[in-house]
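Number of protein chains: 2
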Amino acid sequence: MYEQLKKSLQEHVTLSDKEWELCKHSFRPKRMLKRQFLLQEGDVCRELAFVEKGALYSYSLDMSGNKRVIRFAFEGWWMANLQSFFTGKPTRLNIEVLEDSELLILDRKNHEMLLEQVPPYERYHRIIVQNAYVALQRRVENALGLTAEEKYERLIAESPAFLNRVPQHLIASYIGVSPETLSRVRGSYNR
Amino acid sequence: MYEQLKKSLQEHVTLSDKEWELCKHSFRPKRMLKRQFLLQEGDVCRELAFVEKGALYSYSLDMSGNKRVIRFAFEGWWMANLQSFFTGKPTRLNIEVLEDSELLILDRKNHEMLLEQVPPYERYHRIIVQNAYVALQRRVENALGLTAEEKYERLIAESPAFLNRVPQHLIASYIGVSPETLSRVRGSYNR
DNA sequence: AAAAACTCTTGATATATATCAATGAATGTG
DNA sequence: CACATTCATTGATATATATCAAGAGTTTTT
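Chains as they are written, first to last, in UniProt numbering: chain E, 1 to 191; chain X, 1 to 191.
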């Protein structure tokens, strides 16, 4: 149940057994089924979720009620709305379960306790957020000013794993094109 | 010369006098003039820059040679290409001086020394990157799927300071529209 | 097994925005 | 001060992509 978490921590920092036990017991396991919501628009995000198994995605709804996918999270990834988590303000985002999942939930109090008590945990978190920032910046570069075809090519190059696990219309939303356009881009690809 | 840096640190963490001295002396001051380059495409980013005074911006060049603005940095902000800084690989970005500037430069060795030696510095960095991540995610939301007019409205709402200090064509690039379109959006606004 | 809901594809049309081009204003430079 | 750059505006046109609409194939639900 905690394999992915342990693996993720060990990839970036070294923990004593005692530190690991303290981390481990700060999380609460939670199973969720496809289509369930981890967070809904208007809620305050009070917890961080670590994905042990399965897949989640977050999105906002535009004025016409269309989903605007923000990001996906698979095994070994974190998911939350950090803005709401840190500010305590209601979120504009929904987090929905894409595949039946096993999550490890960490509430704010425990998160802060770990940051204080376990220095490698704070280091881990710095590195994780750093990496997420770099990836996100790359995404901004790919979102602005590219054609639909270029966006799709870059997705294939940079995040091929998404293609097998995520419905095409969510991919379309993620790269900021309509589902029809993505379908046509893919169509012209096969010729 | 170190006012902004001290202010930025104190906003997020508490440092002993000794820790502050250690931080301070790890930086190297550097003056730069408008149009000079802090980093050029193909270079490896080996330093973090903190802006004491002035303004910088980073951008990549698309296939047609047009600038694609990634971000701006004013007093109290950090600037670097983190991807290149952490991986040691050559950057695709240019960092150019927008207004004559006073920078504080921190090389990788000193950065890592501070992370090790000064716990509040690591905490500061975690928080800074966290905040940058939240801001960047907001930007992705604003970049994808909005009309030119909506993008401009959100920029006014969220980063009004940019408008006074940055030429309009760079703003246009930053929000991902052509300079002509931005000009027209602004024009229709004044009526 | 039938019905319902979801997903992808394909076609026709509309539209927002890029592109091309010219002009004038503002700014910097020898 | 003349000259060259840079910058913003405006018009005409082209084009990529959204939107609207229908149908076929899947998957899910009852």
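Built from N, CA and C at the ideal position, the CB exists for glycine as well.
This one's a predicted model, so the numbers in the text were calculated from it and none came from an experiment.
- Judged by DSSP secondary structure, X/Val-140 falls within the alpha helix (DSSP H) whose first and last residues are 119-143.
- Within the region 149-171 of chain X, contact with chain E at the beta-carbon level (separation under 9 Å) is assigned to no residue.
- In the structure shown, E/Leu-163 adopts helical secondary structure according to DSSP, grouped into three states.
- With at least 16 other beta carbons inside 10 angstroms of its own, X/Ile-171 counts as buried.
- For X/His-125, at least one C-beta of chain E is nearer than 8 Å to its own C-beta.
- Only exposed fits E/Asn-164, as fewer than 16 other CB atoms lie within 10 angstroms of its CB.
- Of all alpha-carbon atoms in E/Lys-18, E/His-25, E/Asp-43, E/Leu-103, the one lying nearest the alpha-carbon of E/Gln-83 is that of E/Asp-43.
- Interface with chain E (8 Å Cβ-Cβ cutoff): X/Gln-36 is excluded.
- Leaving aside the five residues that flank E/Glu-158 on each side, the residues in its chain whose CB is nearer than 8 Å to its CB run, in chain order, Arg-138, Asn-142.
- Within the region 33-61 of chain X, the residues whose Cβ lies closer than 9 Å to some Cβ of chain E are Ser-60, listed in chain order.
- The beta carbon of E/Ala-80 sits no closer than 8 Å to any beta carbon of chain X.
- Around the Cβ of E/Arg-28, a 10 Å sphere holds fewer than 16 other Cβ atoms; the residue is exposed.
- For E/Asp-17, the enclosing alpha helix (DSSP H) starts and ends at 17-24.
- Taking the C-beta atoms as reference points, E/Leu-103 is found no nearer than 8 Å to E/Val-166.
- Against E/Gln-117, chain X offers no close residue; the least beta-carbon distance is about 13 Å (beta-carbon pairs closer than 7 Å).
- Within the same chain, Leu-22 come within 8 Å of X/Gln-117 by CB-CB distance, once the 5 residues on both sides are set aside.
- Chain E has a Cβ within less than 8 Å of the Cβ of X/Phe-86.
- Chain order gives no chain X residues near E/Glu-180, where near means a beta carbon separation below 9 Å; the closest approach is about 14 Å.
- For E/Leu-15, no chain X residue has a C-beta closer than 8 Å to its own C-beta; the minimum C-beta separation is roughly 16 Å.
- With respect to the 8 Å criterion, X/Ser-183 and X/Gln-168 are classified as neighbours on the basis of their beta carbons.
- Boundaries around X/Ala-157 are those of the alpha helix (DSSP H), 148-158, since no beta strand (DSSP E) includes it.
- Positions of the beta strand (DSSP E) runs, each at least 3 residues long and wholly inside the region 67-121 of chain E, are given as 67-73, 94-107 in order along the chain.
- Distance from the CA atom of E/Tyr-174 to the CA atom of E/Phe-162, rounded to whole angstroms, is 10 Å.
- Of the residues X/Arg-186, X/Gly-187, X/Gly-176, the one whose Cα lies closest to the Cα of X/Ser-60 is X/Gly-176.
- The Cβ of E/Gly-65 sits no closer than 8 Å to any Cβ of chain X.
- Considering only E/Cys-45, E/Ala-55, E/Ala-49, the residue with the shortest C-alpha distance to E/Lys-34 is E/Ala-55.
- Going by DSSP, X/Ser-8 is part of no beta strand (DSSP E) but of the alpha helix (DSSP H) stretching over 3-12.
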